[in-house]
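**Q**
Residue numbers (the working numbering): 414 to 619.
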């Protein structure tokens, strides 16, 4: 039984990691004849796709990044319920969520150079608990509307996440802290620009 549990857990985590390797920003960029990592900010994420390729490409990027996070967590939950025990589901869901998140940021398929993971993290949170996802989304929207800086919204949500996760369920604290630290690490250049007052702002005008 223990061997079976280990094998199933490892397989679902590996599959989740490779789900994260699906990078719509890079693939859509290639369809347009560009390397998104060499355009704009150089980040393979929604904000850079918006700046370089426009709204339609950005929406497609955002949705795919979100849903791969959702699917990875659901994979973990289903594997636990059907092949293991229901009480294992939260832990396997967290492991798969972290795996798809890391797969997005450090995809082996693209030389370990991916996006910053915010959209995928949102998908992970919505699948783990809509409460977590919606609270974090609210923080992002509020901060972005006030500051007009997407990066500030992402950083604020990352800082708040361990506290939100602990409030929801103390079992999620360590996991939430790890994901938050990764997001902050990936936003280190943005944080430097924020401190210097040099971060670019978005416009809500048409």
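Backbone N, C-alpha and C define an ideal beta-carbon position, used for all residues, glycine too.
Among 442, 503, 499 and 575, which residue has its Cα nearest to the Cα of residue 586?
**A** Looking up residue 586 in the chain shown gives position 173. That would be 575, whose Cα lies nearest to the Cα of residue 586.
**Q** What number of angstroms, rounded off, separates the C-alpha of residue 482 from the C-alpha of residue 590?
**A** To locate residue 482, count along the chain shown from 1; it is residue 69. To locate residue 590, count along the chain shown from 1; it is residue 177. Using only the alpha carbons, I get a separation of about 18 Å.
**Q** Around the C-beta of residue 444, are 16 or more other C-beta atoms found within 10 angstroms, so that it is buried, or is it exposed?
**A** Start at 1 with the first residue of the chain shown, and residue 444 comes out as number 31. Classification for residue 444: exposed.
**Q** Around the Cβ of residue 552, are there at least 16 other Cβ atoms within 10 angstroms (buried) or fewer (exposed)?
**A** As a working note, residue 552 is residue 139 in the chain shown. By the neighbour-count rule (16 or more Cβ atoms within 10 Å), residue 552 is buried.
**Q** Indicate whether residue 546 and residue 538 have their beta-carbon atoms separated by less than 7 Å.
**A** As a position in the chain shown, residue 546 is number 133, starting the count at 1. As a position in the chain shown, residue 538 is number 125, starting the count at 1. Taking 7 Å as the Cβ cut-off, residue 546 and residue 538 qualify as a contacting pair.
**Q** Can you list, in chain order, the stretches of the alpha helix (DSSP H) that have 4 or more residues and sit fully within the stretch 462-550?
**A** 468-496, 502-518 and 531-541
**Q** My guess is that residue 564 and residue 600 are in contact by the Cβ rule of under 8 Å, so how many angstroms apart are they, rounded?
**A** For the purposes of this step, residue 564 is identified with residue 151 of the chain shown, where counting begins at 1. For the purposes of this step, residue 600 is identified with residue 187 of the chain shown, where counting begins at 1. Between residue 600 and residue 564 the Cβ distance is about 6 Å, and since that is below 8 Å, they are a contact.
**Q** Check whether the stretch 470-481 touches the stretch 500-509, taking contact to mean three or more Cβ pairs, one atom from each stretch, closer than 8 Å.
**A** no
**Q** Spatial neighbours of residue 453 within its chain, please: CB distance less than 7 Å, with the 5 preceding and 5 following residues excluded, ordered by chain position.
**A** Taking the first residue of the chain shown as 1, we reach residue 453 at position 40. Here the set comprises 461, 464 and 465.
**Q** Take residue 430 as the anchor and find which of 442, 478 and 448 has the nearest alpha-carbon.
**A** Against the chain shown, residue 430 aligns to sequence position 17. Comparing Cα-Cα distances from residue 430 to each of 442, 478 and 448, the minimum goes to 478.
**Q** What is the DSSP secondary structure of residue 592, counted as helix, strand or coil?
**A** Within the chain shown, numbered from 1, the residue matching residue 592 stands at position 179. Helix at residue 592.
**Q** Once DSSP output is grouped into helix, strand and coil, what is the label at residue 561?
**A** Taking the first residue of the chain shown as 1, we reach residue 561 at position 148. Coil.
**Q** Once DSSP output is grouped into helix, strand and coil, what is the label at residue 457?
**A** The residue you call residue 457 lines up with position 44 of the chain shown. Coil, per DSSP.
**Q** Taking residue 601 as part of the alpha helix (DSSP H), name the residues at either end of that continuous run.
**A** The residue you call residue 601 lines up with position 188 of the chain shown. Start and end: 601-609.
**Q** Go to residue 419, then tell me how far its alpha helix (DSSP H) extends in each direction, as first and last residue.
**A** The sequence position of residue 419 within the chain shown is 6, counting from 1. Run containing residue 419: 415-433, per the alpha helix (DSSP H) assignment.
**Q** Report the rounded CA-to-CA distance for residue 484 versus residue 610, giving the unit in angstroms.
**A** Reading the chain shown from its first residue, position 71 is the one you call residue 484. Reading the chain shown from its first residue, position 197 is the one you call residue 610. Answer to the nearest angstrom: the Cα atoms are 38 Å apart.
**Q** Quick check on residue 450: buried or exposed, where buried means 16 or more other Cβ atoms within 10 Å of its Cβ?
**A** For the purposes of this step, residue 450 is identified with residue 37 of the chain shown, where counting begins at 1. Looking at its Cβ environment, which holds 16 or more other Cβ atoms inside 10 Å, residue 450 is buried.
**Q** Comparing C-alpha positions only, which one of 446, 511, 457 and 438 sits nearest to residue 422?
**A** Here the question's residue 422 lines up with position 9 in the chain shown. Ranking the options by Cα distance to residue 422, first place goes to 511.
**Q** State the start and end residues of the unbroken alpha helix (DSSP H) segment that holds residue 441.
**A** Your numbering for residue 441 matches position 28 in the chain shown. Counting along the chain, the alpha helix (DSSP H) containing residue 441 begins and ends at 437-444.
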